[in-house]
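This report refers to the structure that appears directly beneath it.
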Amino acid sequence: MGRFMQGEGHHEWMSEDGKIVIRKGMGQSPLKIAVVGCGGMGCNALRDIELPEGIVKLAVSSDRNDLTGTHAKAEMVIGEKDAMSSAMSSSTRYAGNDSEMQLSYLLKGYDMVIPIAGLGGNNGGWLASLVCRAARMSKATPLALVTTPLSIEGSEKRHRSTKQLEALRKWTSAVIYKNDLIFKEIPNLPMMKAFKVMNKVVATPVGEINGLGQEAKKDLKRMFDISHIFRMDVAEWRADDPVMAINEEFRRSGWLSLDLLDPKCAILFIRGFGVNEDMAQEFSLEFTKKMKNDIPILVHLDDSVMVKEIRVTALVGL
Ligand SMILES: Nc1nc2c(ncn2[C@@H]2O[C@H](COP(=O)(O)OP(=O)(O)OP(=O)(O)O)[C@@H](O)[C@H]2O)c(=O)[nH]1
Ligand SMILES: [Mg+2]
399 MGRFMQGEGH HEWMSEDGKI VIRKGMGQSP LKIAVVGCGG MGCNALRDIE
449 LPEGIVKLAV SSDRNDLTGT HAKAEMVIGE KDAMSSAMSS STRYAGNDSE
499 MQLSYLLKGY DMVIPIAGLG GNNGGWLASL VCRAARMSKA TPLALVTTPL
549 SIEGSEKRHR STKQLEALRK WTSAVIYKND LIFKEIPNLP MMKAFKVMNK
599 VVATPVGEIN GLGQEAKKDL KRMFDISHIF RMDVAEWRAD DPVMAINEEF
649 RRSGWLSLDL LDPKCAILFI RGFGVNEDMA QEFSLEFTKK MKNDIPILVH
699 LDDSVMVKEI RVTALVGL
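Residue numbers for the sequence shown follow this note's numbering, so the first one is 399 and each next one is one higher.
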């Protein structure tokens, strides 16, 4: 049992204990989103993904060559020194350096700022911290989307990637994607092709968050306060019993590793013709069945699509 509320253009349902929140429909004013490509990988991602209209692309890198062809609305070359000083900063109230200050002016007026970076290199991984700090100065909510380097890239990159993530999680929540997993899923793909596929995967949350209304912001923030590290997977099903089938897929997913990890919260985006609150409740309960605790779950339902298959994107907070 729970509480049901209806607002303008959207409904909200909440379980009695407040642990499950289900939202359906879009609010009145959609969130304003900026996606910021950081460094080589982040700028590649800007080139590889198609973003819905209304989302603004920005590009930052220490290497000017990364910035070409991203079609970003604004570009900034930011030196490694500034990127590093932001990442290592201990103050949250003051800009770590001039680049951070300048970027925070560019980010004024956005609700969400989403940096994309490949951890392990010399600039993007640190720049993601700078972008998140600048976003916070502009009162935007940051969410970083980052990859971890391939195992074959060696221990130095892995080590730097760990350091960058340690810094980044001080300023934001981050969804982490292991580059290794794309080769597991599609072996024999040339590296550049695999990266292209991965870049589309990495950008998935942007499409899901796009179109959400202002009222969604506090729910998302609540989840980002609980977890600073998220994993993501997407599953689709077009036959009987999508609740069981999709949950089964998530349980086996190497992207989520639910069998190994101990989730603290989850954000679920459920899309499909005819999806409703009952289905979302059932899905959420099934999702937590094998978990140690009743974790808070935020569900966004979108039944405005005409497609038959049901598609669920799960962001699991660790
Ligand atoms: N998924 C994906 N990963 C990438 C891509 N390009 C690079 N990477 C990964 O990201 C890591 C960092 O690479 P870059 O983004 O090029 O590094 P950078 O931040 O520009 O730093 P430097 O080039 O060292 O100055 C690499 O070790 C790869 O694991 C890409 O297009 N897609
Ligand atoms: Mg580079």
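Every residue, glycine too, gets a C-beta built ideally from N, C-alpha and C. Predicted model, so just to flag it, every value in this text is computed and none were measured.
Relative to ligand 2, is the shortest distance from any of its heavy atoms to the C-beta of residue i smaller than 7 Å?
{"i": "ASP464", "result": "yes"}
{"i": "ASN521", "result": "yes"}
{"i": "ASP692", "result": "no"}
{"i": "GLY435", "result": "no"}
{"i": "ASP446", "result": "no"}
{"i": "ASP660", "result": "no"}
{"i": "ASP480", "result": "no"}
{"i": "GLY438", "result": "yes"}
{"i": "ASP461", "result": "yes"}
For the putative contact between residue i and residue j, defined by C-beta atoms under 8 Å, what is the C-beta separation to the nearest angstrom?
{"i": "ARG629", "j": "ILE574", "result": "6 Å"}
{"i": "THR539", "j": "LEU618", "result": "7 Å"}
{"i": "LEU566", "j": "SER527", "result": "5 Å"}
{"i": "LEU504", "j": "LEU456", "result": "7 Å"}
{"i": "GLY611", "j": "SER427", "result": "6 Å"}
{"i": "VAL544", "j": "ALA515", "result": "5 Å"}
{"i": "GLY438", "j": "LEU525", "result": "No, GLY438 and LEU525 are not in contact; Cβ-Cβ is about 11 Å, not under 8 Å."}
{"i": "VAL710", "j": "LEU666", "result": "6 Å"}
{"i": "ASP496", "j": "LYS594", "result": "With 8 Å as the limit, ASP496 and LYS594 do not qualify as a contact, their Cβ atoms being about 34 Å apart."}
{"i": "LEU654", "j": "ALA712", "result": "7 Å"}
{"i": "SER355", "j": "ARG531", "result": "A query on residue 355 cannot be resolved here, the shown segment of the chain reaching from 399 to 716 and no further."}
Per DSSP, residue i forms a beta bridge with which residues?
{"i": "CYS663", "result": "GLY715"}
{"i": "TYR508", "result": "DSSP lists no partner for TYR508."}
{"i": "LEU563", "result": "In the DSSP output, where bridge partners are listed per residue, LEU563 has none listed."}
{"i": "TYR575", "result": "THR545"}
{"i": "ALA633", "result": "VAL710"}
{"i": "ARG401", "result": "MET412"}
{"i": "PRO603", "result": "PRO603 is not bridged to any residue."}
{"i": "ILE627", "result": "ALA572"}
Any idea what DSSP makes of residue i, helix, strand or coil?
{"i": "GLN612", "result": "coil"}
{"i": "PHE671", "result": "coil"}
{"i": "VAL703", "result": "coil"}
{"i": "LYS417", "result": "coil"}
{"i": "MET689", "result": "coil"}
{"i": "GLY467", "result": "coil"}
{"i": "GLY516", "result": "strand"}
{"i": "ILE580", "result": "helix"}
{"i": "LYS568", "result": "coil"}
{"i": "SER459", "result": "strand"}
{"i": "GLY435", "result": "strand"}
{"i": "HIS698", "result": "strand"}
{"i": "LYS537", "result": "coil"}
{"i": "GLU451", "result": "coil"}
{"i": "PRO588", "result": "coil"}
{"i": "MET424", "result": "coil"}
{"i": "ALA493", "result": "coil"}
{"i": "MET474", "result": "strand"}
{"i": "MET596", "result": "helix"}
{"i": "SER651", "result": "coil"}
{"i": "ASP676", "result": "helix"}
{"i": "MET486", "result": "coil"}
{"i": "GLY523", "result": "helix"}
Is it the case that the CB of residue i approaches a heavy atom of ligand 1 more closely than 7 Å?
{"i": "LEU548", "result": "yes"}
{"i": "ASP631", "result": "no"}
{"i": "ASN527", "result": "Sequence inspection shows Ser at residue 527; the Asn mentioned does not correspond to that position. Checking the Cβ of SER527 against ligand 1 gives no."}
{"i": "VAL673", "result": "no"}
{"i": "LYS555", "result": "yes"}
{"i": "VAL600", "result": "yes"}
{"i": "MET474", "result": "no"}
{"i": "PHE593", "result": "yes"}
{"i": "ASN442", "result": "yes"}
{"i": "MET689", "result": "no"}
{"i": "GLY516", "result": "yes"}
{"i": "GLU551", "result": "yes"}
Are residue i and residue j close, meaning C-beta to C-beta below 8 Å?
{"i": "ASN520", "j": "SER459", "result": "no"}
{"i": "ILE420", "j": "VAL673", "result": "no"}
{"i": "THR468", "j": "LEU444", "result": "yes"}
{"i": "VAL434", "j": "PRO547", "result": "no"}
{"i": "GLU707", "j": "TRP635", "result": "yes"}
{"i": "SER571", "j": "SER625", "result": "yes"}
{"i": "ARG669", "j": "VAL703", "result": "yes"}
{"i": "SER413", "j": "GLY423", "result": "no"}
{"i": "VAL641", "j": "PHE681", "result": "yes"}
{"i": "LYS721", "j": "TYR492", "result": "The structure shown does not extend to residue 721, since the chain spans only 399 to 716, so no value can be given for it."}
{"i": "PRO661", "j": "LEU587", "result": "no"}
{"i": "ASN442", "j": "ASN691", "result": "no"}
Answer yes or no: the CB of residue i versus the heavy atoms of ligand 3, is any distance below 7 Å?
{"i": "THR545", "result": "As for ligand 3, it is missing from this structure, which binds only ligand 1 and ligand 2."}
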